[in-house]
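**Student:**
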Amino acid sequence: MSSPTGWGNAAPGILNVDLPPHCSRRPRDAVGRTPPRAEGGGTAVTQSDVLADRYGSRAKRSGGRWTRWVLLGVGVVVGAVVAVVAYRNLGPQPIETTVTSFDTSGGDSVAVTFVVTRDQPERPAVCIVRARTDDGIEGGRREVYIPPGNGSVPASTVVHTSGRPTTGEVFGCSYQVPAYLGKN
1 MSSPTGWGNA APGILNVDLP PHCSRRPRDA VGRTPPRAEG GGTAVTQSDV
51 LADRYGSRAK RSGGRWTRWV LLGVGVVVGA VVAVVAYRNL GPQPIETTVT
101 SFDTSGGDSV AVTFVVTRDQ PERPAVCIVR ARTDDGIEGG RREVYIPPGN
151 GSVPASTVVH TSGRPTTGEV FGCSYQVPAY LGKN
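Each step along the sequence shown adds one to the number in UniProt numbering, with nothing skipped, and position 9 is 9.
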């Protein structure tokens, strides 16, 4: 059979369209599948055969189920590590402080009053209190011994500064009390 367009033979069977001469009429079978038969006894050309001839067949997947499981396992491990790091950095602190007041009227010093709350109140602690000057730099610092006590423990100190202080704050606290502080 010749096509009126000059492209060669018409595709018999399902599509009944003219195929360009470079297209194969041979079906691409999957393993174990028998290609459909055309009415005249030949092999039918299906739409998927035409698309495969035109665009090529699909690329085979590399890997398999194990790749998915490995990627899932790696994702779970990375998620767990991120959760642990976030909890340690953003979770509750063993020693928390709240500055209740500070007084900068001393000229070259600041009086800071604060409250210390510990998760282990029977242990002594040390807190670093610092003063900042008007340009924002640290003008002075002092370590304050916090004795064991029940619940929240109030504390106060005076920090002498190298310039005019504008604020006083608690920089941080720790259970690692240096030997030179000891018990006052």
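Where a beta carbon is used, it is the ideal one built from N, C-alpha and C, also for glycine.
#1: Using the beta-carbon count (16 or more within 10 Å), is Phe-114 buried or exposed?
#2: From the DSSP output, in three-state form, read off residue 185 for me.
#3: With the cut-off set at 8 angstroms, would you say Ala-125 and Ile-146 are in Cβ contact?
#4: With the cut-off set at 8 angstroms, would you say Val-159 and Ser-109 are in Cβ contact?
#5: For the beta strand (DSSP E) holding Val-170, just list the boundary residues, first then last.
#6: In whole angstroms, what separates the C-alpha of Ser-152 from that of Val-82?
#7: Measure the alpha-carbon distance for Arg-142 versus Arg-68 and round it to whole angstroms.
#8: So is Arg-54 buried or exposed if we call it buried at 16+ other beta carbons inside 10 Å?
**Tutor:** The answer reads as follows:
#1: Residue environment analysis places Phe-114 among the buried positions, since at least 16 neighbouring C-beta atoms fall within 10 angstroms of its C-beta.
#2: With the chain covering 1 to 184 only, the question about residue 185 has no answer from this structure.
#3: Ala-125 places its beta carbon less than 8 angstroms from that of Ile-146.
#4: The beta carbons of Val-159 and Ser-109 sit closer together than 8 angstroms.
#5: First-last of the beta strand (DSSP E) with Val-170: 165 to 174.
#6: Using only the alpha carbons, I get a separation of about 32 angstroms.
#7: About 56 angstroms.
#8: Counting the other CB atoms within 10 Å of its CB gives Arg-54 a total below 16, which places it among the exposed residues.
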